[in-house]
Amino acid sequence: MSSSRRHFIKSLSAASALVAAEGVAKPFNIIRDLKKGSPNDKIRLATIGMGIQGHSDTKAALRSNPNVELVAAADLYDGRLKQAKVAFSNPGLFTTRDFREILARPDVDAVIIATPDHWHDHATIAALNAKKAVYCEKPMVQHIDEGRAVIDAWKKSGKTMQVGSQRISGATFKEAQRLVKAGDIGQINFIESSNDRFSSIGAWNYSIPPDASAQTLDWDKFLGDAPKHPFDAKRFFRWRNYRDYGTGVAGDLFVHLITGVHFVTGSMGPSRIYSSGNLAYWKDGRDVPDVMACIMDYPQTDKHNAFQMVLRVNFANAGKINDATRIIGSEGEIKFTENGLVMTKKKLPQAPGYGGYDSMFTFPEETQQEFVKQYDAQWPPETRQAEPAKEYTFDAPKDDDAHRNHFADFFENVAKGSQGVIEDPVFGFRAAAPVLACNESYFESKPVFWDPVAMTRAKPAPAPKPAPAPKASAQNKAQK
Ligand SMILES: NC(=O)c1ccc[n+]([C@@H]2O[C@H](COP(=O)([O-])OP(=O)(O)OC[C@H]3O[C@@H](n4cnc5c(N)ncnc54)[C@H](O)[C@@H]3O)[C@@H](O)[C@H]2O)c1
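With the first letter of the sequence shown counted as 1, position 301 gets the number 1267 in my numbering; the numbers rise by one all the way through.
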């Protein structure tokens, strides 16, 4: 049989399967599709978890690629299944409370997983085993020990998988990456990034529908592998506030910050993680902190020097909120948000200088004169000039749409049958594990040691050794 005939028959059987699965004959759609090529040119998408991000992801997916078509949605709350048909203008949209029904459909090529965090690994592994491409929301897993199984299922499946920390697909992150790679700020030594908020909704107190009950939603399914708990609409609709289902500010927000940093610096992750914090303001029954800071030590690699990173969230910041990521190097700084960046370049002169806030004025007059004589001999005028500070600004284009780009990359790889996306599960896990370690560190009051290359827990690392002193210091040389 010729390959084009085999392809045609394959296309027809996929089309018939679709008609059978939907239980509705759609001959005109199929004829239209066959004219374009085959129904297989379409990427049929289903969303698992049609809450806030399920809606946002599905919209971004649909605007990212004209060949993508939403064919099904799963959610545990009936109101969201009803609303999905309205939001996506498809009264015939297949909806179910049980995502396994979606995975069993042969006409579904790809799924978005936008459930609460404790379902990410289960839904992802089931979808990959069912040979679906997966776009899974961040953080990729809820606990460190769940990461390997997801990576293994992805490798075994051969399917495309993208993790959904979409900001790195924006223009600013690409520009920051370019500048760091070019060495424009020298050797990185420190990174800080914050994501503060000051509102009830910002602190995850999302609206609860008045009809929420054990009849209108599947409470037992929601609990999944979490501890048993009597029905509680607050836990269902504000799941981020509880360790049983969410990952706190670390998994919700640090993960975006660290994903950006790994993308820009090419780093695989920190080796030592320590966090502290407090439940300072939102004492509404939640069991996760609303103020948290985390210190991570990044070891030296062939891409960067060793550096320290500090991530911070304050959900009760009534002061000025000025969130940004600052990457500081030996020759400058890049300060960026999603909308753009400012790079400031500064380089120290070779000569160390003297005077001002210095010890020299404490020396006797004749010693000061001798000091200046030696200094002048060692540091000619050209070594005393600092390069003038330079500033470079980059504004992301007005129509830059990181969410759309992230999905475009996903679907492009789905179409090619490739696993080479920007944020595959290895990247996703290298970002998730250190932020999940922040929670471990906070709740168990201990530093967590991590091997970012092997992606395994590590033994406590020895304290960093001081760098050896240069053979002859500047002052020694001058005295010779
Ligand atoms: N990338 C981003 O910028 C971003 C932004 C917001 C949220 N998120 C992530 O998206 C995910 C969802 O967050 P959200 O704010 O949309 O939560 P949400 O509570 O609004 O929606 C979650 C939905 O999942 C459904 N659900 C729960 N368990 C399910 C299951 N087993 N099968 C099918 N449906 C199930 C619930 O019924 C609910 O409607 C989280 O992992 C979150 O971290 C990412």
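Ideal placement from N, C-alpha and C gives every residue a C-beta, glycine not left out.
Just grab the DSSP bridge partners of residue i for me.
i, result
"Tyr1320", "DSSP output for Tyr1320 lists no bridge partner at all."
"Tyr1240", "Ile1261"
"Gln1340", "In DSSP, Gln1340 forms no bridge with anything."
"Leu1277", "Ser1159 and Cys1260"
"Gly1306", "Thr1303 and Asp1361"
"Leu1183", "Tyr1043"
"Cys1102", "Ile1079 and Val1129"
"Glu1035", "Arg1010"
"Ile1293", "Ile1157 and Ile1300"
"Trp1416", "Arg1423"
"Lys1062", "This sequence places Thr at residue 1062; Lys is not what is there. In DSSP, Thr1062 forms a bridge with Ala1040."
"Glu1348", "None, per the DSSP bridge assignment."
"Glu1353", "Lys1313"
Could you pull out every residue in the same chain whose Cβ sits closer than 8 Å to the Cβ of residue i, ignoring the five residues on either side in sequence?
i, result
"Ala1092", "Phe1065, Arg1066 and Leu1069"
"Ala1192", "His1084, Asp1210 and Tyr1211"
"Met1234", "His1228, Thr1267, Arg1396, Pro1418 and Val1419"
"Gln1385", "Trp1120, Gly1124, Lys1125, Thr1126, Met1127 and Asn1379"
"Pro1363", "Ala1137"
"Ala1290", "Ser1159, Ser1160, Lys1301, Phe1302 and Thr1303"
"Asp1177", "Gly1045"
Quick check on this structure: which residue in the options has the alpha carbon closest to the alpha carbon of residue i?
i, options, result
"Thr1131", "Asn1405, Ile1239 and Phe1229", "Correcting the residue identity first, residue 1131 is Ser in this sequence and not Thr. Among Asn1405, Ile1239 and Phe1229, the Cα nearest to that of Ser1131 belongs to Phe1229."
"Val1221", "Ala1355, Gly1394, Gln1019 and Ala1424", "Gly1394"
"Leu1307", "Gly1295, Thr1138 and Asn1271", "Thr1138"
"Ala1148", "Lys1311, Ser1411, Gln1335 and Trp1120", "Lys1311"
"Gln1152", "Val1392, Phe1273 and Thr1422", "Reading off the sequence shown, one finds Gly at residue 1152, where the question assumed Gln. When each option's Cα is compared against that of Gly1152, the closest is Phe1273."
"Val1116", "Asp1390, Lys1187 and Pro1413", "Asp1390"
"Glu1353", "Ala1317, Ala1246 and Ala1089", "Ala1317"
"Asp1041", "Pro1330, Lys1412, Ala1403 and Phe1203", "Phe1203"
"Glu1378", "Asp1023, Gly1017, Pro1346 and Asn1033", "Asn1033"
"Met1262", "Val1387, Ile1157 and Ala1435", "Ile1157"
"Tyr1101", "Ala1039, Asn1095, Val1074 and Val1129", "Val1129"
"Gly1319", "Thr1328, Asn1305 and Gln1351", "Gln1351"
"Met1421", "Ala1433, Pro1428 and Ala1403", "Ala1403"
"Leu1059", "Phe1337, Arg1010, Ser1166 and Pro1236", "Arg1010"
"Arg1133", "Leu1145, His1372 and Pro1436", "His1372"
"Pro1315", "Asp1087, Ala1343 and Glu1348", "Glu1348"
"Leu1145", "Pro1265, Ile1300, Gly1045 and Ala1038", "Ile1300"
"Val1279", "Gly1232, Asp1289, Thr1333 and Met1258", "Met1258"
"His1369", "Ala1012, Ala1076, Ala1026 and Leu1183", "Ala1026"
"Ser1135", "Gly1226, Lys1097 and Pro1176", "Gly1226"
"Pro1297", "Ser1173, Ala1355, Asn1207 and Ile1388", "Note that residue 1297 corresponds to Glu in the displayed sequence, not to Pro. The shortest C-alpha separation from Glu1297 is found at Ala1355."
"Trp1205", "Gly1251, Ser1237, Ser1030 and Gln1181", "Gly1251"
"Glu1410", "Lys1200, Ser1179, Ser1241 and Val1387", "Ser1241"
Using 8 Å for Cβ pairs, my map puts residue i next to residue j. What's the rounded Cβ distance?
i, j, result
"Ile1014", "Ala1080", "7 Å"
"Phe1360", "Glu1141", "5 Å"
"Val1254", "Gly1214", "4 Å"
"Pro1430", "Ile1239", "Actually they do not touch by this definition, with Cβ atoms about 15 Å apart."
"Lys1194", "Arg1063", "The Cβ separation is near 19 Å, so there is no contact."
"Tyr1408", "Gly1243", "6 Å"
"Met1309", "Asp1150", "6 Å"
"Asn1056", "Leu1036", "7 Å"
"Val1270", "Ile1154", "Just to set this straight, residue 1270 is His in the shown sequence, not Val. Going by Cβ atoms, the distance from His1270 to Ile1154 rounds to 5 Å, so yes, they are a contact pair."
"Ala1039", "Val1074", "Rounded, the Cβ-Cβ distance is 11 Å, inconsistent with contact."
"Pro1105", "Ala1398", "4 Å"
"Thr1182", "Tyr1358", "With a Cβ gap of about 54 Å, Thr1182 and Tyr1358 do not count as contacting."
Looking only at its own chain, which residues have a Cβ that is under 7 Å from the Cβ of residue i, when we skip the five neighbours before and after it?
i, result
"Gln1143", "Phe1229 and Val1230"
"Ala1169", "Arg1163, Trp1248, Asp1256 and Phe1281"
"Ala1089", "Ile1014, Phe1065, Ile1079 and Thr1081"
"Gln1019", "Ala1080 and Glu1103"
"Lys1437", "none"
"Phe1329", "Phe1337"
"Leu1189", "His1195"
"His1021", "Ala1053"
Looking only at its own chain, which residues have a Cβ that is under 6 Å from the Cβ of residue i, when we skip the five neighbours before and after it?
i, result
"Pro1426", "Phe1415"
"Leu1277", "Ser1159, Phe1220, Leu1223 and Cys1260"
"Asp1367", "none"
"Trp1185", "Phe1197"
"Ala1433", "none"
"Pro1428", "none"
"Phe1054", "Leu1036"
"Lys1313", "Glu1297 and Glu1353"
Just checking residue i against ligand 2 - is the residue's beta carbon closer than 7 Å to any of the ligand's heavy atoms?
i, result
"Ala1093", "No copy of ligand 2 occurs in the structure displayed; its ligands are ligand 1 alone."
Validate contact between the segment 1284-1293 and the segment 1159-1168 using beta carbons, cut 8 Å, 3 pairs: Touching, yes, given that three or more Cβ pairs across the two stretches are closer than 8 Å.
Stretch pair the segment 1041-1052 + the segment 1103-1111: three plus CB contacts closer than 8 Å: By the Cβ rule, the segment 1041-1052 does not count as touching the segment 1103-1111, because fewer than three pairs are nearer than 8 Å.
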